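Protein chains: 2
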Amino acid sequence: MKEKITIAKQSGKAFKLKKGDILTVIDPKGQQVSDMVLFNSADTKEKVSSGKTLDFEESILITTSNYLWSNRSNKMVEIIKDTNGRNDFLLAPCSKETFEVMYNHKGYHPSCLENLYKNLQPFGIDFDDIPNAFNIFMNVQFDLEGKISVLPPTSVAGDLIQFEACMDLIVCLTACSAEDSNGGSFKPIEYFIETVN
Amino acid sequence: MKEKITIAKQSGKAFKLKKGDILTVIDPKGQQVSDMVLFNSADTKEKVSSGKTLDFEESILITTSNYLWSNRSNKMVEIIKDTNGRNDFLLAPCSKETFEVMYNHKGYHPSCLENLYKNLQPFGIDFDDIPNAFNIFMNVQFDLEGKISVLPPTSVAGDLIQFEACMDLIVCLTACSAEDSNGGSFKPIEYFIETVN
């Protein structure tokens, strides 16, 4: 299977990925962010852990040859290709409160957290069990005092990142809903899966 | 109540903190780290979130006047005093795998994750539900490329950090078990609670 699937702007998709399969996530138009969370499909209490990943990879920025690790200290995926190179685990998925507290937005706003939850709910995953997401193509800058700023992504049309699954997974991806993380525009994300069996 | 309680080296303690109470955490000998996790005592699915805290506080380093936020975007505690000033959420609590993978240690080793779990289990909190901890007095250095290194804490004997509770909480604190985070020694941590009612 190598069918390319589009995640429409401000939405998300969840799907299974078998051990050994390769997932490619593409920024088709440039300057878009995708939040990704991972769960062990055999036991969804095991999930991607920002803290364990930073521990074992000894880096805030995570790219080619790094692994994403679980809360039980198991490797979940290996990053085997990354044409942009700026991804991290620092900030939480945008939520309605992100827009209320940080952007003074009134009323409904789509968010990555809502899109993760809506797509993961059919897999039996609760809202409160959604972990810190891996922020693909997100351009989070920090200085040596730790001050954080979010700049438009440096990704250009066609930039991609490839993950090889180290265990059977449930994956959820979003096309980010936040104005600030994608330079004021809303764009889709694409992905495809290459299966080994 | 202002009884000072000692957390013995390589151990932990969990306790309740009421809204408005002030918790003071002390490094009595200097160069020791304490991992702290927080849960809403009325609903332990709500817990401290590294991602939400970095979002709303816009900083990797968290100190006086910063809040620690929950996964539901609520304020859990405010830091009202911090005489050392180096605390973060980057690395996960040390676990047996930390010592196996990173230090090539064979056999049993005490760890913050074990001590968090042992002390939180009586409150009905599962191993997999322990979030990234707030690393008090931990000296995690990072460069602009994101490379992480753990240096001995800069805390000296008597350094302290004070938290005012914004909701009723279950708190768990450790006296860190890892050689590398406390300069090769194992030391206690102290705390006391000032109640408003």
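As they're listed, the protein sequences go chains X and R.
Count the first sequence with my numbering and you get residues 1 to 197, in order.
Count the second sequence with my numbering and you get residues 198 to 394, in order.
Even glycine gets a Cβ: it sits at the ideal position worked out from N, Cα and C.
All values derive from a computational prediction rather than experimental measurement.
Start and end residues, beta strand (DSSP E) containing residue i
| i | result |
| --- | --- |
| Leu317(R) | Premise fails: Leu317(R) lies in the alpha helix (DSSP H), Cys309 to Leu317, not in any beta strand (DSSP E). |
| Lys278(R) | Lys272 to Asp279 |
| Thr98(X) | Counting along the chain, Thr98(X) falls outside any beta strand (DSSP E), though it belongs to the alpha helix (DSSP H) covering Lys96 to Val101. |
| Tyr388(R) | Ile386 to Glu391 |
| Val37(X) | Ser34 to Asn40 |
| Lys201(R) | Careful: Lys201(R) lies outside any beta strand (DSSP E) and carries neither H nor E. |
| Gly30(X) | Segment: none, Gly30(X) is in no beta strand (DSSP E) and carries neither H nor E. |
| Ser149(X) | Ile148 to Leu151 |
| Leu366(R) | Leu366 to Thr371 |
| Glu179(X) | Careful: Glu179(X) lies outside any beta strand (DSSP E) and carries neither H nor E. |
| Gly282(R) | That residue, Gly282(R), is in no beta strand (DSSP E); it is neither H nor E in DSSP. |
| Gly209(R) | Gly209 to Leu214 |
| Glu164(X) | Asp159 to Ala165 |
| Val140(X) | Asn139 to Phe142 |
| Asn263(R) | Asn263(R) -> no beta strand (DSSP E), and no H or E assigned at all. |
| Phe134(X) | Phe134 to Ile136 |
Residue i burial status per 10 Å Cβ neighbour count (16 or more: buried)
| i | result |
| --- | --- |
| Leu67(X) | It should be noted that the sequence gives Tyr, not Leu, for residue 67(X). It counts as buried. |
| Ala8(X) | exposed |
| Ser262(R) | exposed |
| Ser11(X) | buried |
| Asp35(X) | buried |
| Ser185(X) | exposed |
| Phe276(R) | In the sequence on display, residue 276(R) carries Ile and not Phe. Under this definition Ile276(R) is a buried residue. |
| Ala239(R) | exposed |
| Gly158(X) | exposed |
| Gln338(R) | exposed |
| Val222(R) | buried |
| Val393(R) | exposed |
| Asp126(X) | exposed |
| Tyr117(X) | buried |
| Lys199(R) | exposed |
| Gly227(R) | buried |
| Glu114(X) | buried |
| Val353(R) | exposed |
| Lys187(X) | buried |
| Tyr103(X) | exposed |
| Ile5(X) | exposed |
| Ser246(R) | buried |
| Leu160(X) | buried |
| Glu361(R) | buried |
| Asp143(X) | exposed |
| Tyr191(X) | buried |
| Gly192(R) | With chain R represented from 198 up to 394, any question about residue 192(R) goes unanswered, as that position is not in the structure. |
Residue interval of the alpha helix (DSSP H) (run including residue i)
| i | result |
| --- | --- |
| Leu54(X) | Ser50 to Glu57 |
Chain R residues whose Cβ lies nearer than 8 Å to that of residue i
| i | result |
| --- | --- |
| Val101(X) | Phe253 and Ser270 |
| Gly107(X) | Within chain R, no residue comes near Gly107(X); the closest Cβ sits about 16 Å away, beyond 8 Å. |
Chain R residues whose Cβ lies nearer than 7 Å to that of residue i
| i | result |
| --- | --- |
| Gly146(X) | Ser256, Ile257 and Leu258 |
| Lys118(X) | Simply none; closest approach about 17 Å. |
| Thr98(X) | Asp252 |
Interface residues of chain R facing residue i [CB-CB closer than 9 Å]
| i | result |
| --- | --- |
| Phe142(X) | Ser256, Ile257, Phe339, Leu341 and Gly343 |
Residue i: contacting residues in chain X (beta-carbon distance under 9 Å)
| i | result |
| --- | --- |
| Ser247(R) | Ser50, Gly51, Phe89, Leu90, Ala92 and Asn132 |
For residue j and residue i, believed in contact at Cβ under 8 Å, the rounded distance
| i | j | result |
| --- | --- | --- |
| Val237(X) | Lys52(X) | Nothing in the structure corresponds to residue 237(X), since chain X is present only between 1 and 197. |
| Asn336(R) | Pro319(R) | Wrong, their Cβ atoms sit about 32 Å apart, outside the cutoff. |
| Gln59(X) | Ser292(R) | The amino acid occupying residue 59(X) in the given sequence is Ser; Gln does not appear at that position. Between Ser292(R) and Ser59(X) the Cβ distance is about 19 Å, and since that is not below 8 Å, they are no contact. |
| Asn284(R) | Ile333(R) | 5 Å |
| Leu54(X) | Leu258(R) | Incorrect: roughly 15 Å between the Cβ atoms, too far for contact. |
| Met167(X) | Asn40(X) | 6 Å |
| Val368(R) | Leu214(R) | 5 Å |
| Asn329(R) | Phe286(R) | 5 Å |
| Lys45(X) | Asp325(R) | 4 Å |
Residue i: contacting residues in chain X (beta-carbon distance under 7 Å)
| i | result |
| --- | --- |
| Ile242(R) | A small correction: the amino acid at residue 242(R) is Lys; Ile does not occupy that position in the sequence shown. The answer, in chain order, is Asp128. |
Exercise. Taking a cut of 7 Å between CB atoms, which residues from the stretch 277–293 of chain R lie near chain X?
Worked result: Cβ contacts with chain X come from Leu287, Leu288, Ala289 and Ser292.
Problem set entry | Residues, ordered as in the chain, of the stretch 111–138 of chain X that lie near chain R by beta-carbon distance below 7 Å | So the list reads Asp128 and Asn132, given in the order they occur along the chain.
Problem set entry | Short-range partners of chain R found in the stretch 162–195 of chain X, where Cβ spacing is below 7 Å | Nothing from the stretch 162–195 of chain X brings a Cβ to less than 7 Å from some Cβ of chain R.
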